[in-house]
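Peer 1: Residue numbers (the working numbering): 1406 to 1660.
#1: Going by Cα to Cα distance, which pick from 1414, 1639, 1434, 1635 is closest to residue 1463?
#2: Cβ atoms of residue 1643 and residue 1598: under 9 Å apart, would you say?
#3: I'd like to confirm something about residue 1654: is its beta-carbon nearer than 8 Å to some heavy atom of the ligand HEM, or not?
#4: Would you tell me roughly how many angstroms separate the C-alpha atoms of residue 1543 and residue 1425, rounded to the nearest one?
#5: Once DSSP output is grouped into helix, strand and coil, what is the label at residue 1410?
#6: What alpha helix (DSSP H) runs, 4 residues minimum, are completely inside the segment 1611-1651?
#7: Beta-carbon separation of residue 1498 and residue 1545 under 9 Å?
#8: Does the Cβ-Cβ distance between residue 1596 and residue 1583 come in under 9 Å?
#9: Measuring only the C-alpha atoms, how far is residue 1500 from residue 1493?
#10: Please report how far the alpha carbon of residue 1624 lies from the alpha carbon of residue 1420, in whole angstroms.
#11: If you compare alpha carbons, which of 1449, 1533, 1614 is closest to residue 1486?
#12: Using 8 Å as the threshold, is the segment 1436-1448 in touch with the segment 1602-1609, meaning 3 or more CB pairs across them?
Pasting the structure below:
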């Protein structure tokens, strides 16, 4: 829908004042995409893509937002389907996957099980590089997302050698990792240089993009929306300098 149509959506509950509801819808519009859980009725999930906002995004950014929000929608759906025993088992499996995740994954994976699942969905479906690193760093989540595995499987998948997946590990140490994939000019990385786990993708033009999300409760609705950040050259340089110091060749210049 376009922004005007979004802002015309009726309030979920009369307990939420119209002014506050419009402010929240404006935040959703500015995000460009969002998943509204328990809207318009309890138990329902509505995915919103604001066309006039997304028109300003790059194709890859729109695809990322769609994958991220699809992850939220699927997370909500599969934790509500089946018997109570099945739902409890899957929630337990997701919590265990979240608890056992690698500390070296980017910070978007560490916010909550829901964000962990949403970002994992993006990594699983984005390309072989992100899927391979997800398989290595969060094997339980990879097993849950794997279409060839049973949805309720609680077993970790076998981790094959990265080289078999075409992944080239450029750096793997206590600070984190950096990797690329045969045939791509992008570098996927996650590093902690003292300010927490940061990073994600160095693009061919040298820019660095970080993907993530925000989840909140509002008037009985759970609202999740994607967050995209493009690093400034000043923010990017310490991470590029660190990788260069480890012998990683960066054939990129910051535009």
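Where a beta carbon is used, it is the ideal one built from N, C-alpha and C, also for glycine.
Peer 2: Concretely, from the data shown:
#1: 1635
#2: yes
#3: Of the ligands one can find in the structure shown there are none, so the ligand HEM has no counterpart to examine.
#4: 38 Å
#5: Three-state DSSP puts residue 1410 in a helix.
#6: 1638-1650
#7: yes
#8: In this structure, residue 1583 lies closer than 9 Å to residue 1596 by Cβ.
#9: 10 Å
#10: 7 Å
#11: 1449
#12: no
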